[in-house]
Structures are given as structure tokens and as C-alpha cells.
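Worksheet for the structure shown next.
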Amino acid sequence: MSKILKSSELGIGVILLLLSTALAVTSPVFLTGDNILDILKGNAVLGILAIGMTLVIITGGIDVSVAAVTAAITVIIGKLAVSLHDSGWSLVAIFLAAPLVGALLGLINGLLVAKTKIPPIVATLGTKSILAGATLYVTNGAYMNSSDLPEAFLRFAQWKPLGVSVLILIFFAVALFTWFLLNHTVIGRSVVAMGGNPVSAMRAGIHLQSVQLFVYAYMGCLAGIAAIVQTAYTKGVDPNGFNGFELTVIAAVVLGGANIMGGYGSIPGTILGVLLLGVMQNGLILAHVDTFWQDIVTGAIILIAVTYDVIKRKREEANRAKIEIEA
Amino acid sequence: MNFLSKEWILGYVFAGLFLLMTLFVPGFFEAYNLINMLFQLPELGILSLGMMVVLLTAGIDLSITFLAALAGVIVATLLTNGYSVPVSILAGVATALAGGLLNGFFIAVVGVSPILVTLGTMTLFEGIVLLLTKGNSISGFPESYSLIGNGLLGAVPIPILIFAAIAVILSILLNKTAWGRSVYMFGNNPTATLFSGINTTRVVLWVYLFAALMAAVAAIIMTSRYNSAKVDIGSSYLLQSIAVAVLGGTSISGGYGKVIGVVLAVGIFQIISNGLNLLGVSSMVIDMLMGTILIGVLLINYVSAKRKQSQTA
Amino acid sequence: MKKMNKMLSVSVSVLLALGLMTGCAVQKNTAAPADGAAGGKSDGKLTIAVVPKLVGIPYFNASEKGAKQAADKLGVELIYTGPTQPDAAQQVKVIEDLISKKVDVIAVAPNDAAALTPVLKKAKDQGIKVMDWDTPADPSVVELSVHQIDDEVYGRHMVDLLVQAMGTDSGKVAIVTGGLSAQNLNTWIDWSKKQIAEKYPNLQIIGDKIGTDEKQQVAYQKTLDLLKANPDLNGILAYSTVAPLGAAQAIQEKGLQDKVSLVGVALPKDSKPFLEDGSLDTATLWDPVKLGYLTVTLAKDLAEGKKPTDGQEVENVGKIEVKADGKTVIMGPPSDFTKENAGNYDF
Amino acid sequence: MQPYLLEMKHISKTFPGVKALDDVQLAVRAGEVHALIGENGAGKSTLIKILAGVYHPDPGSRFFFDGKEVEIKKPLDATLQGISIIYQDLSLFPNLSVAENICMGRDAGKGPFRLVKRKEKRELAARILNEWGFGIDPDARLDTLSIAKQQLVAIARAIAFEAKLIIMDEPTSSLSSGEVELLYKVIDDLKRKGIAILFVSHKMEELFKVSDRFTVLRDGKYVGTYDRDELNEERLIALMVGRKVEAVSRQETQPGEPVLEVVSLSKRGHFKDVSFTLRKGEVVGITGLVGSGRTELAHALFGLQKPDAGEIRLNGKAVSISSTQEAVKYGIAYVPESRQREGLILQQSIVRNVSLPILKQLKNRLGWIDGKQEAKLAEGYIRSLDIRPAIPEMATGNMSGGNQQKVVIAKWLSTNPRILIVDEPTNGIDIGAKTEIHRLIRSLAADGLAVIVISSDLPEVLAVSDRVLVMRKGTISGELSIKEATQEKIMNLALIGSPKAKGNEAVGL
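Protein chains in written order, with the numbering used here: chain A, 1 to 327; chain B, 1 to 313; chain C, 1 to 347; chain D, 1 to 509.
Quick look at the structure:
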């Protein structure tokens, strides 16, 4: 029990719970299964990207190019769809190409970060502007709608095994897989170890550059999956659809208790962070909060959540010291 | 003199680009265009200096552009309601400082990490501006106000004079005052600085207040130059100001950064964007080039630092 | 010293690489050949700069197409350039650089009309003809104002269309918009509200307009929430070319095509799938290609000192209307796109 | 005579421009504790890093382990051969569980997507912790443990790798006396199981207590290997330094009027009811176990922590010190425990470090920092404290520990303090520099400063103090004058709270 109470996800969990309770009271719709599924589906893209970003942040890095990478891949998906039409290959091609291209783009970030020691925020800021510029230059912002997408892909987008949209299932699968990867595989533990103490990790035989390459490539790969989900979600491709989204992704991760300096971060925490943002957006409309107040409320809740977290941590530390002396 | 320092390398790039543009871009080296650039550069330059000071303490201020928008809207509202120019400007500056104080309070006093606080306040300030303006722009200022952003003193635009004054003052503040020294020291090692009897809370608080002041000054120049205030005015300067500060040699992990570097970096951005615009290059390509240059210059820094290391070690 | 030479050579090679990239980029950008930009008027051709709110979105791509057609046909040099974000500050910079380039006419679609006033004055001082298109600028500085539409007519028209689609003039409607700070959208919304107040007092507007960041997925999510929060909603008015798509998608997803009517500002090509299944009842817009064409045509006339006249027949565009002030041009009434005719357009 | 477990011959290591090791040799037998000693810069850490696979020796170097010639290319090779190293900073992971820390590295080199057998690891960790009686919960997160416990985790990790040779780099530097005893006991156990230990330390006393043989390095060269019986402290120091080092000659001082009176000072969870008086011109040593509240007490005096109850009186007047700048204003100076983390800004120069606390007083007419005055100040201290290298613009990060500590002291002297609190003044500083620091502390007191020295190093406490306060579990368990103080009495006070033990066996924990 005490372990659960101490977990770093607690703060955000409490805030989410309070917010949800308040919303459930004010709006009868909020707690319906339908609405919850909508929230999950609407935030699947954010969730997938945030999960990738969690690994990056655990190693003490950051990737601000994530929105540009995702947007670029949605465009590639669109191009593939158009050139392959309805052939059965289109679906396969999309599902193979998206994560692969993403991983390659991520690898470029990884190489810059690992090999040249350029701070991650700067390196990825650079790749972000290159990639975003290139995407717009190539597409000129041209929008694609569902009639450009293959029939098979649209069927996939609508697929609801067990009554739950496949997009939500992909989100859960990514979460589960990444959680497993992080906690039960060699590379996952290396990621956490590197975040905790890079020098010790090197001494313990962990190849730091490989770990960095891995996290950025994995981030890219998830951006590819997110691009598929996004395309299925909007049934269209909008090269401008991700402008400024990187900050939302980072916000979700840090709200979820990850330490921006590295070392700490968890998949359950990140999911809570994603949900907090999702519930906030959903709830503000359901609760009929005036449009012009919505940003103010959102900003205030973020401030409260992060402050609560810091105060809680400080108190924990003070208590820890006390335990030592009495023992 | 170390001719291979980050700042010198920036100087070479700046001079080289200037030469290249003068030779190959018609209309670049003409009085009108040169003055034009001097009008364009200060907004980003001033915001970048604000960002640089924050970066020196290993912080970041994501709220800077929306804080500028907020200050601009306050100034604009008062001006259009008949208040005098000084009163309106004062109110705008005061509003920005209040915003800076909010950032500073959460960061320096409560101890929340800067990226989180300013992520929250960024949304908060945007919300306040939206609430105040309902998304509309506010315009119609007195002639005397528009002089700030559009006037010339002799042949020199007033905004660039303001920028130059700020750059000089900031240089002095950072290099010659106890506060400036403490900023660098805090950026290198906050604990040791606190343990040296420095009131680090106050140092950091002033850093965010300074950034807020820069936001206010940029806001005044922008609203005056554009004769209007609106929620998203200058919003594209956020990532640009970080990029400029970093290109200028500022270390994102704190403790290193020079005003001259940032000034050169903003000049480089200005020359590229103006020169390529004159050539008729698409804005998208310009964005791409900015990214390439950012990475390129940092790679040069990396290579030269590495070479230096292998020579001295 | 040797070290320094090495460093210099590195710097120079970087610069050269940049120069090369720039060169390629220019070559690719055939719309504005480097030498055309260079001389400006050297070959006697007029240079007309058309500045959209931003580049890289379908709507302004369509206008670019029309503008290019007109430029080719009329034998003028066209520069179609704008910022990559709808930021007034960036737009001002683009115009300032165009002034340096000494173009003959600048036609701008302002992100913020007031913000452009000083720079447009500057352009005039340099002897450049100044006009606006798509969205009006400060009327005191522009010599010509090309409106695709009469804002009042358009705003009211949207409400009429919605009532028509709902089949009743009573019920609850909601307003979804692209960006809360988009000037032209806000103007239309205000006229629509006026129309509701004056003509359909039984229509009730729920809450304030809902901003969607010019992003389809956001419009989609927020409309979903809106539908849930207001189960008795009868109609939605969606402004901006992206918002109606997201809103339609939400209606489609919840199977509310018959219950909730949707009228929006949208391009026919993008909205076709939604028109077909009834989630979007009517999309209403002008032809942005024609708008681009008209803008360049009138810009050339402006440069040559010709004034537009009411009822003038413009080739490839049709009859135009000129308001009493002699400089406000209206392209014509909006086109309504429905499932029947949406397939006939290629924008 | 049994064969050597480890034999290194003709080891050289050249860095660009520097020959760090020049034909050095080292031979360690199984089951012995072998001390590797030398001053800072003698090449100890380079040799250790070669052993650990971090550095590669120059060609011609030969390396035998367990009877065969081996080549160690990367850290993992060393671990797999059975060489484990416990770094001074322990090299553990604060964000991972004890079990994972113990098993970290076991999977290195395996495919990245191999599964981690967490249950197996936990069992292994639990077994080792249990067998060796370390009393640590394998599921606890490392950063919830004390440094001493973390050290045991590091040892458990070496055991888990079935290490035949464990290298301990300054293992006792952050341990208090009682914890050190526990470590000795563990070392004994390791020896009994045939594990060799290569022990690096600066503390003479402990070297003689635990080591069987000594290898001495000086200036990157091999001086010799000696049995314990061949050596005494004096001889060993002479071998290390290459000259004779005189012990601190004690200048007797006459304590003046009370400067600082602490009355019933308490801070919940840290210390309770602490009272003592500090006089002008005297040095008071405060010792006790790490975690006994010594550093926290110093923090309270320096305004870093607010006490809950009690009074601090300066020159008879009660004051409340709520921030470091107030402490400085009252003439209190604090040389913190960690030179590198808390004491210095390593990236910055000597000048800038020295002037930091008095920047506001260095103003010229314009209100700017007076650069000339600042440089003069630093140069003055460089001369008077004999700081080397005597380059004012030198970044402090590139200096040796002893000189770094002098810069910290110079920084505080610049504020003209009346009270100087020094926390672990010679941690990780080599012998020559250590006595120099001790002499400096004595001479400062002789000049009228009131000094508190907090230290776990009992010989140091006895060498510099006029009076010794011993803390135990947050309270002062006893006070001894320098005449009556002995190491044994201090230990008893620290461990059981009374100066007399019933029997010596009770001390060993």
C-alpha cells in the first residue's frame, strides 16, 4: 500500500480523479462509455507519441521534431495510398513503410544527439524546421480526403473488434509493448539505467550511444504508427495538422511525472498525463465552460498539477530524512 | 584573442553571408533594403536576448511570446481608450512584469522546472489575451506611438537603436554586475552558488522578470510597428528565439552565452531570410535552411571544440 | 595560423553549400525566376506580388493556381509568396522584402488588417500600388479591394442555408470556427448572428464560438464533445475550410446525419465524401481559383491606371460588382456545393 | 607461496603530451588486501581504469589474471573476468531497485531485445544480501538508502559477479567511523572467501589496519611493493611523497570570548536539543556517524535550514539566520562537504570563485564589478594560501583537490568571517595537501577566527581540534577536551553514547 502511495504517478492521478469527479457531477454525459471511448480514440495519437517521448525523456533527452516527423509520415502514407490505389498491397505497404521511415528519421536525430553532442533540444529543433519545411515544400499543404485513401484502409479505420475502435487498441498495444520493453528487456532497463546515471551505465557495460540511437529511432517508429492512427482517425491527410503538437506531447509526458532532466518516467504516468489533457479538453466543452475561459482553465490546471507534484516530492524527501535518523 | 571561439565563427558566417548576398542578390545592398532589415531585426533580437538570459540559468521560457502578446494587448487597449502613450506603455510593462513574476515565483520559489511552468503560463497568457480581445485585433494608435516602431532617427530606425541600447545594457549587466555574474554562476552550479551566500531565488526571479521586460519591449515595438495588437502576433518567434540564442553560442544547459553571439546570430537569421526573400525563394525552403544552418554551425563548434581538445590534451 | 586557414576553409565550404542549396531552390521555384526578380522591370514586364495569409494550405494553393493562369495569360511577372504561419509579424516582413524588391503592385490578404497599415503606407511611399484581396485591409491605404464575396451577404447566406437544411427555423445551433482570432471568419460569424437575431428569432445559439486551431482532428474531437454535451442540437455552422470537415466527421461517426444539419465554408474537393453521405449538408464558398485570377487581372489594370466598373465582364471570371466607393470589387455570389454538384469542381 | 591472481607488468599509458604510467607493475594474491597508494596524480586512477577496461594501456603492457594472459578491451570484459570495481561515487543507479543495481551489467552484451529475468535477479540479490547479512531490502529503491547501505549494495554487486578481485576506490570517504568498522568486517569476510581486494585510500590508519601488502606509485612510476611488516606510517609517506612530511605542529591558542552560542537547537528529524559554545580563536571538532545530524546542524547555522526550536546567539545576541546571505552578513562561512558539487563552480576561474560571495562589495563608482580589485583579491589569496597553479584565470575544475579546497577557503576568507565551519575538509585530498590544510585551519584560528571542523576522519579531528563534540542520532552525546580525547572514547560516544565501553567487542557493531 505504501508503495502505491509513494509512486510518482500519484499526484497526477489525484488531479485526474478530482477533475473527473467534478465533471461527472456537472455533466451526465461525461461518465458514459461512449464518451470515454471518444476521449481515448481522440487522444490515441497523442498517447502513442507521448509514450515514445517518455523513453526519450527518461534518458535525459527531448525530441521537438516529433510533430514534424509524424506530419511528414502522414504525407508519405497519403502518397503511398494514391500511388497504390486499392491494391491489396497498399495496406501492407503503409503498415511497413510508416514505422520504418519514422525509425529512419528518428535515427537521424539519434545520430546527431549521440555522435555530435549537440544538445537534443537544439538538434531536434533543427531537424524539425528542415523536415517541416520539406513537407510543406513537397506537398504545398495539399489536403487529402477519404476518397484518396484505399477502401481497405478505410475499413481498417472503422474496425471495432470487441466494440472498441482499433485505434484505441493500437494505443493500448503500444503502451503495453513499450511498458514491457522498458521493464523487462535488456534495452529497456538500459534506457532507465542511463537516465539514472550515465557514467555508471557506461561502466556497467552499457553502450550509451546505442541506447540513444535506440530511443530516438523508437520515438520515430512510434511517430510512424501515430501517423497511421492519425490518418485513420481523420480519414485524411493534412500536412499542417500537427503544427505545434510537440509541446502538447511533451506536456503530457511531464504531467505524467517524468523528470525532464532524465532518470524518471513511467508508461502508466504518461498515460495519466495524456488522459488529463484529454479529459480537460473534453470536459471543458461538456461542462459548458465559455470558449474564452478554456485556455485559462487549462493553463491553471497544468500549473496546479506540476506544483502539486513538486510540493509532494519535497515533502517526501523531508520525510525520508526523518526516517533515517530515527532508525 | 581566440579567433576560433564560437563568437568568431559566427562572425565569419555573418560576414560571409553578407558578402554572398551582396554579390549575388540584387537589391540586397541598397540603402532601402539595409534600413528595412534594421527595422525587421529588433523584435526577434530582443526576444532572443530575453531567452538567452533564461537559458543562461539552464531554464527556458516558453511563455515569452504570449506574454508579449498580453503586454501588447494591454498597451493597445489603454491607447484606444484614450490613455496617454507613457501611461499605456507603463501599464503594458507592468503587466508583463506581473507575468514574469508569476513564472519566477513558480520556478524560483516553489521550485517547479521552468519548462513545465512556462508551458502552463503559455496557455494561461494565451487564454487571458483571448478573453480580453475575443480573438480580435485592437488597432488605431496615436501617431506618436507609431513612431517607436516606424520612426527614424536620422537614417537609423528607432527599433534598432532600442535593440542596440538593450544589447549594450545587457552586456554590462551580465559582465559587470553582481546579478549578471550570479546568473552565470547559477547556470553552472546552482547549489554551489547558493552555498556561496548568493540569494539564488532572487537571481532567478530577476532573470524571469528580465525576460518579461524583453517581452514587453518587443511587444511595444511590434504593436507600434504593426499598429495593432492580437493574440498570435509574433507567435512564430518562440522557437526562433530559442534557435537564435543557441545559434549565438548560448549553452542550453546554462552557464555560457554572450550578447555579441546572440546579436550575430539574429543578424545571420535576418540576412538569410531577407536575402532569400529577395531571391524569391519559398518561405518553406527558408525554414529548411534555417534548420540546416542551426545544425551546421553547431557541428562546426563541435568539430572545432574537439580539435582543440585533442590538441591541448 | 594554419588552424585558422582550416577553419576559414570550413566556413567557406559551408557557405558554398548553402549557396548551392539556395540556387537549387530558386531553380525549382519557376514562378519567380531569379533573373526576373533581379531586374524587376528590366524586361518591361509588370511585376505583381500576391501575398496570401500563409502558404502551404489548399485554399491559397488554389488561388495561386488562378493567379498563375492570369499572369501567364496577361504577360505579367507574378510573385506569390507569404509566411508559413498565419502570423501578421511574419507577413509584414514578407511585404517589406517585396518593397525592397521594387515590385509594381502588392496585393495582400491580411492576417491582421491593422497590422499591415504601416507597411502598406511605406509601399505606397515607394510608388508601389497597393491593394487587398480575400480579406480587406485598411480601406484608407489600399487603392483597390477585391472581395470574393460580400461579407454581409455571405454571413447571412450561411444561416439561410442552415435553416433550409434543418427544414425549420427553430432549434439550437452551435458555431465552430477555425481560429478564434481569424478576422474574416469573425466578421462572417457576426453577420450570421445578426441574421439569426433579425430573421430567425427562434434559433438559439449555444455557447460561444468554438475554436479548433485550424486542425481537422481538433474540430472532430470538439464537435464530438459538443454533440454529447448538447444532445438536442439541431444545427452547426462551421467557418474556415478545415473546421467543417472535422465537424462532418463527428456527425458521420455518431450517425447523426439526419438529426444535425451542418453548413460550412469548405472546398468541394475536400468535402465531397461528407456531402455524399449527408453529414455535411451544404458547403458554400467562392471559387478560389477565380479569385486568384481576378486579383491578378485587376492588379494589372491598377498598375496601368484602369479602374474597374460595375458590371464589368472579366474574362474567365464573369461579371463583377463594384461598390459605390469605386474601389471595392465583389467577385460575385457564393457557390453552394452539394452532393449533386461537388464532383464538378477540381479545387 | 601461492601464485598471483593478478599480475600486471610493464604497464605504460601515454596521453597526448603526458606519460601517465611508465612501466608500472602490480601483483595481487588471492585472499589478500592489497593497498595501492600514491599521491593524487601518481597514476593510481589511471592504473585502476586500465584494470577496469576504461583505458587501454600502451603496447608492450602485459596483463595476467587467474593464470592466463588476458586482454581487457571494455568495462564488461573486466567484470566477466572476475574483476569488479567499486568507484568512489559507487556508480550505482538511484532510480533503480537494489536488486537491479546488484544485477546491473549481467545482461550487457546480450541482444537488446532479450528479456530481463527480473525474478531470477531478485532472488540472486536477496540471497546475497541475506547470506552476507547486509540487512537491505532488495526491492527498495536505491535513493532511499544511506550512503553506507549503498556501499554494501555495490559490494553485493561485485559478489554477484563472482568477482575474484574487488577494487575499492576510497571506499570509506563518505562513511562514518561506525560504518567503516562494518566495511572492515565485510572486507574480512571477503578475504576469508579467497577474494582479493585492491584497496585505494588516503587514510594512513586504515591502510595499516586492513592491508596485507602495499604497492606504492609516484609520478606514474613504480616505487615498490612491501609487506605490512616492512613499513610504518612515516616510511610509507616518505615513499609516496619522496620526501619527509612533518606532522602538524600545534600552535597553542588562547580561546577568547564566546562568538557563537547554540542553545537547545532542534530540527525535527535531523537534530535535537543541541547546545554548545564556540570561542574566538578555537577549533571545535564535531564528529559522529554520517547521518548523526552534523551536516544538518552546519546547514542550520549557515541559513540553509530553518531550525524548529532553540536559539543561535552571535556575540551574545540572539539571531535568526534564514538564508545564506544572512549567514554571510553575520560573518559565518561554510566550506561544504562536497567541494565539487557545493563548494566550487568548476567551470569558472579561481578569481570568479573567490569573489563570488563579495561581488556586491567589489563595486566601483559606476556600480560595476571592479575587475582590478577582484583580480588583486584573488592574487592575494593565491599567494597567501599558496594555491597552485598560481594562475588566477585557471578553471577550478582543472585543479587538484587540495588546491580546490584552498580556493573554497579563500572564497570564504574574502568575506572576513568570524566563524568558519569546515565540513570534511580533506575528503579525497592526498597526504601532503592534507597536512597543509590542517596547518591552515590552525593558523586561521590563531589569527582569531572561530572554527568548527566537521569530520569523520578521527585522526584529523584529533589533529586540528581544541575540543571535540561527538554527535549521535541527532544529539550531542559528549564533549571531550583535546587532552582527554582518544579515538576510542570518541568511537564509544558516537556508537553507544557513553565514553566507556563495557568491553571492546561491543564497539564492532
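By construction, the Cβ of each residue, glycine as well, lies at the ideal position given by its N, Cα and C atoms.
**Item:** Those residues which DSSP pairs with C:ALA238 across a bridge
**Value:** Stepping through the third sequence from its first residue, residue 238 of chain C is reached at position 238. The partner list for C:ALA238 (beta bridge, DSSP) reads C:VAL176 and C:GLY264.
**Request:** Provide the residue(s) that pair with D:TYR87 in DSSP beta bridges, ordered along the chain.
**Result:** In the fourth sequence, the residue the question calls residue 87 of chain D occupies position 87. Per DSSP, D:TYR87 has no beta bridge partner at all.
**Prompt:** Taking three-plus beta-carbon pairs below 8 Å as touching, is the segment 269-282 of chain B in contact with the segment 115-125 of chain A?
**Reply:** Result no; under three Cβ-Cβ pairs closer than 8 Å.
**Message:** Less than 8 Å between CB atoms is the rule here; does A:PHE292 satisfy it with respect to chain B?
**Reply:** For the purposes of this step, residue 292 of chain A is identified with residue 292 of the first sequence, where counting begins at 1. For A:PHE292, a Cβ of chain B is located within less than 8 Å of the residue's own Cβ.
**Asked** Taking just the CA atoms, how far does C:LEU291 sit from C:PRO334?
**Response** On the third sequence, position 334 is the one that residue 334 of chain C refers to. On the third sequence, position 291 is the one that residue 291 of chain C refers to. Roughly 12 Å separates the two Cα atoms.
**Message:** Against chain A, with Cβ distances strictly below 8 Å, would B:ALA313 count as a contact?
**Reply:** Position 313 of the second sequence, counting from 1, holds the residue named residue 313 of chain B. Because the pLDDT of B:ALA313 is 45, which lies under 50, any placement of that residue in the model is unreliable, and the number read from its coordinates should be weighed accordingly. Not an interface residue.
**Request:** Buried or exposed for A:ASN282, please, with buried defined as at least 16 other CB atoms from any protein chain shown within 10 angstroms of its CB.
**Result:** The count along the first sequence starts at 1 and reaches residue 282 of chain A at position 282. Classified as buried, A:ASN282 has 16 or more neighbouring CB atoms from the shown chains inside 10 Å of its CB.
**Request:** Run the CB neighbour count on B:TRP206, radius 10 Å, all protein chains shown included, and call it buried at 16 or more, exposed below.
**Result:** Residue numbering aside, residue 206 of chain B sits at position 206 when the second sequence is read from its first letter. With 16 or more Cβ atoms within 10 Å of its Cβ, B:TRP206 is classed as buried.
**Prompt:** Closer than 7 Å: is that where the CB of C:ILE251 sits relative to any heavy atom of the ligand MG?
**Reply:** Ligands in the displayed structure: none, and consequently the ligand MG is not present.
**Message:** Here's a check: name, in chain order, each residue in its chain whose Cβ is nearer than 8 Å to the Cβ of A:LEU80, leaving out the five neighbours to either side.
**Reply:** Along the first sequence, one-based indexing puts residue 80 of chain A at 80. So the list reads SER90, ALA93, ILE94 and ALA97, once near-sequence residues are dropped.
**Reduced DSSP secondary structure (H/G/I, E/B, other) of C:TRP133** = As a position in the third sequence, residue 133 of chain C is number 133, starting the count at 1. Assignment of C:TRP133 by DSSP, reduced to helix, strand and coil, places it in the strand class.
**Message:** Quick check: what's the CA-CA separation for B:LEU194 versus D:VAL453?
**Reply:** Locating residue 194 of chain B in the second sequence gives position 194, where the first residue counts as 1. Locating residue 453 of chain D in the fourth sequence gives position 453, where the first residue counts as 1. Looking at the two C-alpha atoms, the distance is approximately 21 Å.
**Request:** Can you check DSSP and say which residues form a bridge with C:GLY211?
**Result:** The count along the third sequence starts at 1 and reaches residue 211 of chain C at position 211. Paired residues: C:THR177.
**Message:** Suppose you measure from the CA of C:ALA342 to the CA of D:ASN95; what does that come to, to the nearest Å?
**Reply:** On the third sequence, position 342 is the one that residue 342 of chain C refers to. On the fourth sequence, position 95 is the one that residue 95 of chain D refers to. Per the coordinates, the alpha-carbon of C:ALA342 lies some 60 Å from the alpha-carbon of D:ASN95.
**Asked** Which class does B:SER137 belong to by DSSP, given the choice of helix, strand or coil?
**Response** Counting from 1 along the second sequence, the entry for residue 137 of chain B is found at position 137. The answer is coil: DSSP assigns B:SER137 none of H, G, I, E or B.
**Message:** Cutting at 8 Å between CB atoms, please list the residues of its own chain near D:LYS44, excluding the five before and the five after it.
**Reply:** Against the fourth sequence, residue 44 of chain D aligns to sequence position 44. Closer than 8 Å at the Cβ level, and outside the excluded window around D:LYS44, lie LEU36, ILE37, GLY38, VAL200 and LEU217.
**Request:** Enumerate in chain order the residues of its own chain whose CB-to-CB distance from D:LEU139 is below 6 Å, with the five nearest sequence positions on each side excluded.
**Result:** Working through the fourth sequence from its first residue, we reach residue 139 of chain D at position 139. The sequence shown places Asp at residue 139 of chain D, rather than the Leu named in the question. Counting only residues of its own chain and dropping the five nearest sequence neighbours on each side, D:ASP139 has a CB closer than 6 Å to the CB of SER97.
**Asked** Can you tell me whether DSSP reads D:ASP447 as helix, strand or coil?
**Response** Sequence index remark: in the fourth sequence, residue 447 of chain D carries index 447 (1-based). In the structure shown, D:ASP447 falls within a coil segment according to DSSP collapsed to helix, strand and coil.
**Request:** Starting from B:TYR226, find everything on chain C with Cβ-Cβ shorter than 9 Å and list it in chain order.
**Result:** By one-based count along the second sequence, residue 226 of chain B stands at place 226. The answer, in chain order, is ALA88, ALA89, VAL92, ASP112, ALA114, ALA115, LEU116, THR117, PRO118 and VAL119.
**Asked** Per DSSP, what kind of secondary structure is C:TYR345 in: helix, strand or coil?
**Response** What you label residue 345 of chain C is simply residue 345 of the third sequence in a count that begins at 1. Three-state result, C:TYR345: coil.
**D:THR415 versus A:GLY257: straight-line alpha-carbon distance, rounded** = Position 415 of the fourth sequence, counting from 1, holds the residue named residue 415 of chain D. Position 257 of the first sequence, counting from 1, holds the residue named residue 257 of chain A. The alpha-carbon atoms of D:THR415 and A:GLY257 are separated by roughly 42 Å.
**Prompt:** Just to confirm, are A:GLY265 and A:ILE57 a CB contact at a threshold of 8 Å?
**Reply:** If you number the first sequence from 1, residue 265 of chain A lands on position 265. If you number the first sequence from 1, residue 57 of chain A lands on position 57. Cβ distance < 8 Å, so A:GLY265 and A:ILE57 count as in contact.
**Message:** Taking beta-carbon pairs under 9 Å, can you tell me which members of the segment 294-312 of chain A lie near chain B?
**Reply:** Within the segment 294-312 of chain A, the residues whose Cβ lies closer than 9 Å to some Cβ of chain B are GLN294, ASP295, ILE296, VAL297, THR298, GLY299, ALA300, ILE301, ILE302, LEU303, ILE304, ALA305, VAL306, THR307, ASP309, VAL310 and ILE311, listed in chain order.
**Prompt:** Are at least three pairs of beta-carbons, each pair with one atom in the segment 287-306 of chain C and one in the segment 251-261 of chain C, less than 8 Å apart?
**Reply:** Because the criterion of three Cβ pairs below 8 Å is not met, the segment 287-306 of chain C and the segment 251-261 of chain C do not touch.
**Request:** Evaluate D:ARG127 with the Cβ neighbour count: other Cβ atoms within 10 Å of its Cβ, from every protein chain shown; 16 or more gives buried, anything less gives exposed.
**Result:** Walking along the fourth sequence from the start, residue 127 of chain D turns up at place 127. Exposed, because fewer than 16 other Cβ atoms sit within 10 Å of the Cβ of D:ARG127.
**Request:** Could you tell me how far apart the beta carbons of C:ALA115 and B:ILE233 are, in whole angstroms, since I believe they sit closer than 8 Å?
**Result:** Residue 115 of chain C sits at position 115 when you count from the first residue of the third sequence. Residue 233 of chain B sits at position 233 when you count from the first residue of the second sequence. About 7 Å separates the two Cβ atoms, so the contact holds.
**Message:** Going by DSSP in three states, C:LEU54 sits in which element: helix, strand or coil?
**Reply:** Against the third sequence, residue 54 of chain C aligns to sequence position 54. Residue state, collapsed to three classes: coil.
**Asked** Since D:GLU100 meets chain A, which of its residues come closer than 9 Å, beta carbon to beta carbon?
**Response** Translated into the one-based positions of the fourth sequence, residue 100 of chain D becomes position 100. ARG189, VAL192 and ALA193, listed in chain order.
**Asked** If the cut is a Cβ gap below 7 Å, which residues of chain C does B:TYR130 touch?
**Response** Here residue 130 of chain B refers to the residue found at position 130 when the second sequence is read from its first residue. Residue 130 of chain B is actually Leu in this sequence, not Tyr. Simply LEU180.
**Asked** Is DSSP giving D:SER349 helix, strand or coil here?
**Response** Along the fourth sequence, one-based indexing puts residue 349 of chain D at 349. Of the three classes helix, strand and coil, the one that applies to D:SER349 here is strand, per DSSP.
**Prompt:** Looking at chain B, which residues of the segment 382-396 of chain D have a Cβ within less than 9 Å of any of its Cβ atoms?
**Reply:** Cβ contacts with chain B come from no residue of the segment 382-396 of chain D.
**Where D:GLU282 falls: helix, strand or coil (DSSP)** = Residue numbering aside, residue 282 of chain D sits at position 282 when the fourth sequence is read from its first letter. Coil, per DSSP.
**Asked** What separation, rounded to the nearest whole angstrom, lies between the Cα atoms of A:ALA318 and D:SER146?
**Response** Against the first sequence, residue 318 of chain A aligns to sequence position 318. Against the fourth sequence, residue 146 of chain D aligns to sequence position 146. About 14 Å.
**Request:** Would you kindly report the start and end of the unbroken alpha helix (DSSP H) that includes D:ARG339?
**Result:** Residue 339 of chain D sits at position 339 when you count from the first residue of the fourth sequence. Looking at the DSSP string, D:ARG339 is not in any alpha helix (DSSP H), and its letter there is neither H nor E.
**Asked** So, is D:SER455 buried or exposed, given that buried needs 16 or more other C-beta atoms within 10 angstroms?
**Response** Indexing the fourth sequence from 1 puts residue 455 of chain D at position 455. The residue is buried, with at least 16 neighbouring Cβ atoms inside 10 Å.
**Request:** Determine the burial state of D:ASN398: buried for a count of at least 16 other Cβ atoms within 10 Å of its Cβ, exposed for fewer.
**Result:** Within the fourth sequence, residue 398 of chain D is the residue found at index 398, counting from 1. A residue is called buried when at least 16 other Cβ atoms come within 10 angstroms of its Cβ; D:ASN398 does not meet this threshold and is exposed.
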